[in-house]
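Quick note on numbering: the sequence shown equals residues 1 to 83 in the working numbering.
Think of the CB as a built atom: it goes at the ideal place given N, C-alpha and C, for glycine as much as any other residue.
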Amino acid sequence: MASTTAHAYATSPELIISAPTSNVQIADAKELVHITQAGSVTGAPGSALAVNSGVSVTTLTNDGYITDVINTPPVLKQPCGAD
């Protein structure tokens, strides 16, 4: 997966994600985290959307997608009849 640049913007105490974004980490308290219909968050399992220990999020509204991405190498198949 290619590296992406975060397109999230934060205005404390809110975090609005309105475009495809990867590996979002919330480091301070938020009253609202909103993933809009145009927004999405992707990342390795457990890191797509992470909230630091001791940090509170009052409301999470997800109108988009939060997706774990697992990179697996392609499987090369031999032609039929090949040993």
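- Along the length of the stretch 34-72, whole beta strand (DSSP E) runs at least 3 residues long occupy 40-43, 49-51, 57-62, 65-68, reported in chain order.
- A straight line joining the alpha-carbon of Q25 with that of E14 spans about 13 angstroms.
- Within the same chain, Cβ atoms closer than 7 angstroms to the Cβ of A27 are found at N52, V55, the five residues on either side in sequence being excluded.
- The beta carbon of S12 lies closer than 8 angstroms to those of D28, K30 in the same chain, with the five residues before and after it left out.
- Out of I35, V57, L49, the CA that lies nearest to the CA of D68 is found in L49.
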